[in-house]
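*Asks:*
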Amino acid sequence: MSTPEGDRPLFTPDPLPGSGDAGAGGYIPPVPNYPTYSPGFPAQGVPEHEMPEDDMPRRPTQRRMVRRAPEEPSPDPVDHAPEVGRPSAWLREIPILVAVALGIALLVKTFLVQAFFIPSESMENTLLTGDRVLVNKFADRFGGDVQRGQVVVFKDPGGWLDDGEDDTSGNPIVKGLKDVFSFVGLLPSTSEKDLIKRVIGLPGDKVVCCTDGKITVNGVPLDEPYLYPGDKPSDRQFSVTVPPNRLWVMGDHRSDSADSRSHMDGPGNGTVPAENVVGRAFVLVWPISRFDVLGVPDTFKRSEIDDAGLGTQASAVGLTGVGMVWLRRRRERARLAETAVLGPAVETRSGS
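Start counting at 1 in the sequence shown, then tack on 139, and there's your number in this note's numbering.
1. Would you mind stating whether residue 264 and residue 421 have Cβ atoms separated by less than 7 Å?
2. Can you look up residue 127 in the DSSP assignment and give me helix, strand or coil?
3. Starting from residue 514, trace the beta strand (DSSP E) both ways and give me its first and last residue.
4. I need the boundaries of the beta strand (DSSP E) containing residue 297, first residue and last residue.
5. Any chance the segment 400-418 sits against the segment 362-372, with 3 or more Cβ pairs inside 8 Å?
6. Just tell me which of 270, 336, 368, 286 has its CA closest to the CA of residue 427.
7. What are the partner residues of residue 333, as DSSP defines its beta bridges?
8. Count the other C-beta atoms from every protein chain shown that fall within 10 angstroms of the C-beta of residue 442, then say buried if there are 16 or more, exposed otherwise.
9. Tell me whether residue 237 sits in a helix, a strand or coil according to DSSP, three-state version.
10. When the distance is taken between beta carbons, is residue 407 closer than 7 Å to residue 382?
11. Using C-beta distances below 7 Å, list every residue in its chain close to residue 385, excluding the 5 sequence neighbours before and after it, in chain order.
12. If you drop the 5 nearest sequence neighbours on each side, which residues of the same chain put their C-beta closer than 8 Å to that of residue 285?
13. In angstroms, rounded to a whole number, what distance separates the CA positions of residue 353 and residue 296?
14. Quick check on residue 366: does DSSP put it in helix, strand or coil?
15. Whole angstroms are fine: how far does the CA of residue 376 sit from the CA of residue 277?
16. Residue 430: buried (16+ other C-beta within 10 angstroms of its C-beta) or exposed?
Right under this line is the structure:
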């Protein structure tokens, strides 16, 4: 059978060596013994320039050259070390903090509250020597009325305190410490001449001793549980009408108190100018075991004292002052009515 010219037989590969068709006379060229390799990777033991060329795309290598960033020189440890002798920031702030604290304390002491040291026995057993009390200066500065029975601090009207010896130390450090302690109320002040007593009579009140062994205010006898145990209300007789703008004051330890009774031959018949009042002692803060609120005893809250005192005060201050007295008494009655509704105030500590 003839093959058409345009047709060609399918290509049949030559048989491999050793196959059954090798004897057919076909020649099989030897296969070069090339080392195995993967495209893109050099063969083992063969230099890369001897690798055969091929047209296959090389697989991108997974290894990349990573350049190390140049190392910066380590900082000199001496630069960050604190310099010898240089104070840290908090040390530099200490003087500022101390100055601010003293400024705040000065404002509080001048206008609001001040601590006082009790230097004597004249107010025992309500206040003992060495006690510390807080004094409210705000109410007095802004028109607060002093009330009977309140414990008040006032400046020496003149001649009530002995000058005594100046115990100020010549050592400036000791003097500075004493000034600081007296400023905060831990020591008595050597420059301020202040006293502390209880108010018994207000302007226009008639204070008399003694009727049936009791002091009377406007004819009303006082029950005084705060007196020092064993003391009488007074060991001397007196009868005084308190002048305008003045106060009659007495200590709770009557037998050891140089109060209004001891200065009846002086200006105001022993009374104290109301303008001398520094403030009202309202709480005993030290020692903690004796902490107490210094309130007004109930004996001074009776309305009979106010009612009986209106006529006496009118004659003492004149007709022009009656209106002011009436307004003040009206405020006191309102306060008493509020106390009756809300309950009694805290009693002052009595002697044990």
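Using N, Cα and C, we set each Cβ at its ideal position, and we do this for glycine too. Values in this document were obtained by computation on a predicted structure and should not be read as measured data.
*Replies:* So, to answer that:
1. no
2. Absent from the model: residue 127. The displayed extent of the chain is 140 to 491, so no value can be given.
3. One cannot answer for residue 514 here, as it falls past the ends of the chain, which runs 140 to 491.
4. Premise fails: residue 297 is in no beta strand (DSSP E) and is neither H nor E.
5. no
6. 270
7. 294
8. exposed
9. helix
10. yes
11. 342, 407, 410, 411, 412, 413
12. 279, 291, 338, 341, 386, 413, 416, 419
13. 27 Å
14. coil
15. 36 Å
16. exposed
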